[in-house]
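One structure below.
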Amino acid sequence: MEIIVNKKNKEVKILERQANNLLVIVDNKKYHVDVKKIDKDTYSLLYKGKSYDLKVVSEYDKRKYSVKHQFNHYEVEIMDSVARYRKNRGNNDIEEDQSSISSPMPGKVVKIPIEVGDNVESGQTLIIISAMKMESEYKAKKNGKVKEILTTEGAIIEGNQSLILLE
Amino acid sequence: MEIIVNKKNKEVKILERQANNLLVIVDNKKYHVDVKKIDKDTYSLLYKGKSYDLKVVSEYDKRKYSVKHQFNHYEVEIMDSVARYRKNRGNNDIEEDQSSISSPMPGKVVKIPIEVGDNVESGQTLIIISAMKMESEYKAKKNGKVKEILTTEGAIIEGNQSLILLE
Amino acid sequence: MIKKILIANRGEIAVRVIRSCCEMGIKTVAIFSEADRKSLHVRYADEAYCIGPPPSTESYLRIDKILEVAKKSKSDAIHPGYGFLSENPEFSRRIKESGLIFIGPSEFSIRTMGDKISARQIMTKAGVPVVPGTKENILDKKQALNTVESIGLPVMIKAASGGGGKGMRLVKKKEMVWESVQAAKSEALDSFGDDSVYVEKYIESPHHIEFQILADQHGNVIHLFERECSVQRRHQKIIEETPSPLLTDNLRQEMGKCAINAAKAANYEGAGTIEFLVDNDLNYYFLEMNTRLQVEHPVTENVTGIDLVKEQIRIAGGQKLSYQQNEVTQNGHSIEARIYAEDSDNNFMPSPGIITKMTEPSGIGVRIDGYIFEGFEVPVFYDPLMSKLITYGRNREEAINRMKRCLDEYYLSGVKTSLHFLRRIMETPDFVEGKYDTHFIEQNHDFLFNTINEDNTMKNTEDLVAIASLLEYELNLNHASGNNHSPSHNPWKEFGRKLGITRL
Amino acid sequence: MIKKILIANRGEIAVRVIRSCCEMGIKTVAIFSEADRKSLHVRYADEAYCIGPPPSTESYLRIDKILEVAKKSKSDAIHPGYGFLSENPEFSRRIKESGLIFIGPSEFSIRTMGDKISARQIMTKAGVPVVPGTKENILDKKQALNTVESIGLPVMIKAASGGGGKGMRLVKKKEMVWESVQAAKSEALDSFGDDSVYVEKYIESPHHIEFQILADQHGNVIHLFERECSVQRRHQKIIEETPSPLLTDNLRQEMGKCAINAAKAANYEGAGTIEFLVDNDLNYYFLEMNTRLQVEHPVTENVTGIDLVKEQIRIAGGQKLSYQQNEVTQNGHSIEARIYAEDSDNNFMPSPGIITKMTEPSGIGVRIDGYIFEGFEVPVFYDPLMSKLITYGRNREEAINRMKRCLDEYYLSGVKTSLHFLRRIMETPDFVEGKYDTHFIEQNHDFLFNTINEDNTMKNTEDLVAIASLLEYELNLNHASGNNHSPSHNPWKEFGRKLGITRL
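Take a look at the structure:
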């Protein structure tokens, strides 16, 4: 399986499994590892005597993991067939992103200074969200026309919910 | 539903539910309670302003609960149709118990001083289990004949597993 | 004797107050908004009453509703915590009018110290140094030059109606004075519709150092030494420690006396904090007084051994202070790190959400004041402070090393946190050497945010990270395919939760 | 300088040692049996090696395997913790022979203090009082009467090969001496095949009080005051505190000096404990010396501010003690409660199992030294100690009240625990008044085990317990019927984990 760790591609293959003892080949290097899943987030790995307590967390996409070791973070992507297909189609994730405005966090809509049908410019504020005593402005990422407003002033929104669509 | 709390029988009926607000009648007393399940074990109840943080835990039988409030414990049994049927059949749980020896805790079998076919007397030691640096002797609860020995000396056993059966 | 206290707050401070009440045998009454039904303060209090919808203006700031609950629950006293109504003079007054005890100072003290101009006047009268400057509007060039000359450069021109940095100008050279005044006036007019500006001494490399005081109703006032609070982001403290690495023993004594004089001048009663700005030449200036418990009060408790909440309650109950000044000593060193639900790498953006997993540090020299638990949802309506990690050591070095160890043990998932950012602060050379002021974060920006750490074990770790991720991916696939939820159908059953004993 | 330490132990003490090493920047090597793969010490150490099957005779007691791991991992030193090999003189010797540092005393000290007779001789020579008596076998009536007369009644007749109370007789009257000797001899012969018995002074109302000492390699020895350890069940301590409510300041100084003399007489090096029996008239007698860290060492750390593990490591590294006697002070009061996996209501029967839910107390004045976590299985092979809850207060009353508060906050499910039993001790009048000896649990049996608490709110609580149980029962029914695992199909979805935000 192709796995990307902090933007570095690795080819990972499990050659043998005996209970917790694995023989894995990563690129050209062989790893004999003792692996134990401790709880929902935690894997304990022993490799050449060293003890690695890794926190492996996935948020939405079960192909993407955020891994913590001590105070270092690693961003991981598993390039399975779905991920490769997506990638080959081109980065249309980003295009979609540009025409949809969302907030990464839940909050309350303070103000929507535009209306459906308005022409907006890249950088123009489309919506102001308040969360935890702090206001954040979300701006247009491209020039365009407001196609749809999916929320109202005063509404409580969830994180990663589409709020405004541009044409 | 009939519910036994610390050996006291209570008739409990939920009259109304609106989100977390319940109207419940226990025997002849009405309770307006605000109930919220907090985590696997915890219920938070607000009744007449008082806050009750109850830990409700069931081990094997989903009709029996051990409830903790502050440092008090309550033993609860829900007398549903199955429980009532069992009870009406007579307390054959206890009879079964008397002919089956088990340890409430996991451990290691240190010694089995009897053999299949032996006649044993009530109070005679049938098996010695060691756990956490302490040995416990398990004795016959009635006179009888050893029908089956389900473990061996040196074996690791689980809690509540049948170890020795008497006829 | 106070027998029942209503805590007019939420979050970690409500839990903290409940704990000390519990230890004193005092009953507690929690109030909560609809967003806080599952909060720990509701569950830990003896009684709990909902007082309204999530926004604090409709719940935690509603004096009428709080007084209603206090009456209904037959509470004797109200503890305001910090934030919300804690520095609202009307709240103090109305509680007294209702025949209840406010655990805090009088309306008069709060009002006087809450107003910058009256606070400044009282401090000047009491002989406490204030930041040199005038509060008079600058009208012409001559007045501007005279004022600046009397204060001494550098100075800050500030808009009277100002805030948020608007209408402010730093002036370092005499020839820039009038130009800057004009620019500030123009900006102030634009921003606030008022072109009044005044001149204040600009403190370079300012340290934010505050003194804890306790004052009883019998005229006794003591100080409990200082807290160094210069590590701030977005003007909010994130690390506090005591003793301050900057102060000398002499200065500490002198400022302590000043703090006591300040409290006496304000007729103060209860626990309070005198905030000072201190420059690198150890000049100090009164900044403001906080007429309540501070977030960072635990570091003081750690080095003095005194439970400040209990003292607050005793004072409010009319008792004399339990300690004389010479009985209060500063033993060892304590540091507090605030754990916020925020994305430190993304301009400290708040990150509310559900705590899906939590492991807190423990062992020697650790204290945690928090209110979160696994499954709890950190609400979007309030402050992002989830918990405070406080370490104690024989000396500063031990307290720092312990903080590092504890930050490594601390694990939270489901929300983004400041944990790794705080960890990085603990190894920033300026912090380790104790040489920092309020510019610490901007001055160490590169070190703090550039955390790529390419040591020789990194390559192995990355490979192991890939392996663990692959295993988790496969585990999820196996869970998703097939509708069996029993681990026994799973090829990775060794990883499951089956009794270890059966495998031996 | 020690750079890497192998910890030859498991459980909470292994974690505790790792924490201090981590704070000192010292690398750690864990060893583990097959039953401990998931244990916290394996996960927290820098390195970890499996050394055998679960039984400790095949793993944690295997000196050869431990030395092999020490060599392989290039460790400089070995910390033995307590229990296992910590008081094994051979272990100390073989570590030194391998060119490594043993963090503990020499083979000679361990061997001398480990043997009751040689320890008694050394203490007598050093002027430390020992329990009056002889170790000589009683052969005839005359010898028996003479011996008893010289010691003074009451006395205890003890089997030389004895243990577990067999071959023991308490004698309070002169006319019972010979009869008791004969009975003891007969029982001893039956039990041990050896009828040798000896006579020892019987200490009525004995207090178990021990002194912590630290001794470096340069002849410096200090004591760190006492610990009162009289609350015991099955001869195992469950509550310890410092200062002892029994000792006077003068006696404390005197016994402290004795402890230092005892350590000097044994050529002691490292951390050690001198155990004394103290009677109600404040006579004290040397009982034994523990040549290792004690389970209850944290109470001493709390009142002195000294990290004993760090001191052990410094001493083993050849450094001089960091403190002189007059720099060590006893501030405040600290109590430790041991949380065992056991059924206190059922003769303290061990209760191993999986921790299904865990909430630990926190806040002011609390320390927890443990090694368990949610999902961890407490193994059946080792000691049932899961964690130690240690509180600190300005005085004894505060430490007790804090302990009550923390025991109420502490929640564990999946195993039975001693939590409610410990809670009950905290309100037992004899304990609260500080008037207790090693007979405490038997003398307060009725109070401790009769916990039915019929106050007027009980009826309501029982009804609410019934309601909560019914809701949980219904929730389980709904989960069991239908194969939908999504909370949205559940009539009790309000109780589920859905984002609170969507409901507002």
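Protein chains in written order, with this note's numbering: chain A, 85 to 251; chain B, 85 to 251; chain C, 1422 to 1925; chain D, 1422 to 1925.
Yeah, the Cβ is synthetic: ideal placement off N, Cα and C, and Gly gets one too.
Take the alpha-carbon of A1683 of chain C and the one of V141 of chain A: they are about 52 Å apart.
Within the region 112-144 of chain A, K120, I122, D123, S128, L130, G133, K134, S135 and D137 place their CB atoms closer than 7 Å to a CB of chain D, listed in sequence order. Contact annotation: in the region 1794-1816 of chain C, residues whose CB is within less than 9 Å of a CB in chain B are F1794, E1795, G1796 and F1797. Rounded to the nearest angstrom, the gap between the Cα atoms of G201 of chain B and A1609 of chain D is 36 Å. Interface annotation, N1881 of chain D: not in contact with chain C, CB-CB separation never under 8 Å.
Within chain D, the residues D1829 have their CB atoms less than 7 Å from the CB of Q154 of chain B, given in chain order. The shortest CA-to-CA distance from S1527 of chain D to any of D:S1507, D:L1810, D:H1656 and D:Q1542 is the one to D:S1507.
One alpha carbon belongs to L1896 of chain D, the other to T1882 of chain D, and they sit about 21 Å apart. Contact between G1726 of chain D and N1711 of chain D is absent: CB atoms are separated by about 22 Å, not below the 8 Å threshold.
Excluding five sequence positions before and after L1566 of chain C, the CB atoms of its chain that fall closer than 7 Å to its own CB belong to V1598, given in chain order. The bridge partners DSSP lists for L1698 of chain C are C:H1629 and C:Y1706. Rounded to whole angstroms, the separation of the alpha carbons of A103 of chain A and K132 of chain A is 18 Å.
Ranked by Cα distance from D1764 of chain C, the options A:L250, A:K148, A:G228 and A:M218 are led by A:M218. Scanning its chain for C-beta atoms nearer than 6 Å, with the 5 sequence neighbours on each side dropped, one finds around A1636 of chain D the residues V1642, A1684, Y1689 and E1690, in chain order.
For I248 of chain B, no Cβ of chain D is located within less than 8 Å of the residue's own Cβ.
Taking 4 residues as the shortest admissible run, the region 150-230 of chain A contains the following complete alpha helix (DSSP H) segments, listed from N- to C-terminal end: 165-172 and 176-183.
Under the DSSP assignment, G1791 of chain D falls in the beta strand (DSSP E) whose first and last residues are V1787 to G1791.
Taking a beta-carbon distance threshold of 8 Å, D1670 of chain D does not count as an interface residue toward chain B. For V89 of chain A, the pairing in a beta bridge is given by DSSP as A:K92 and A:V160.
In this structure N1723 of chain C is not in contact with N1752 of chain D, their Cβ atoms being roughly 12 Å apart against a cut-off of 8 Å.
Counting along the chain, no alpha helix (DSSP H) covers G1473 of chain C; the unbroken beta strand (DSSP E) around it starts and ends at E1468 to G1473.
For Y136 of chain B, there is no enclosing alpha helix (DSSP H); the residue is found in the beta strand (DSSP E) stretching over K134 to V141. Between S1454 of chain D and the set D:L1869, D:G1446, D:S1477 and D:F1852, the nearest pair of CA atoms involves D:S1477. Note that the region 1427-1446 of chain C touches the region 1812-1830 of chain D; at least 3 beta-carbon pairs, one per stretch, sit closer than 8 Å. The beta-carbon of P1773 of chain D is placed less than 8 Å from the nearest beta-carbon of chain B.
For Q1733 of chain C, the enclosing alpha helix (DSSP H) begins and ends at L1729 to A1737. At a cut-off of 8 Å between C-beta atoms, R1437 of chain D does not count as an interface residue with respect to chain A. If you keep only unbroken alpha helix (DSSP H) runs of at least 4 residues inside the region 1436-1508 of chain C, you get 1461-1465 and 1484-1493. In the same chain as G1739 of chain D, and ignoring 5 residues on each side of it, the C-beta atoms closer than 8 Å to its own belong to Q1638, in chain order. In the three-state scheme derived from DSSP, where H, G and I count as helix and E and B as strand, R1815 of chain D is classed as coil. Contacts with chain B (Cβ-Cβ distance below 9 Å) from the region 1491-1516 of chain C involve K1493 and S1494, listed in chain order. Measuring C-alpha to C-alpha distances from R1648 of chain C to each of C:I1695, C:V1618 and C:E1625 identifies C:I1695 as the nearest.
If one requires a minimum length of 4 residues, the alpha helix (DSSP H) runs lying completely within the region 1529-1554 of chain C are 1537-1546, in chain order. Under the Cβ distance rule, G191 of chain B counts among the residues neighbouring chain D, one pair being separated by less than 8 Å. Not one beta carbon of chain A lies nearer than 8 Å to the beta carbon of R1673 of chain D. Just so you know, the alpha carbons of R1541 of chain D and Y1619 of chain D end up roughly 15 Å apart.
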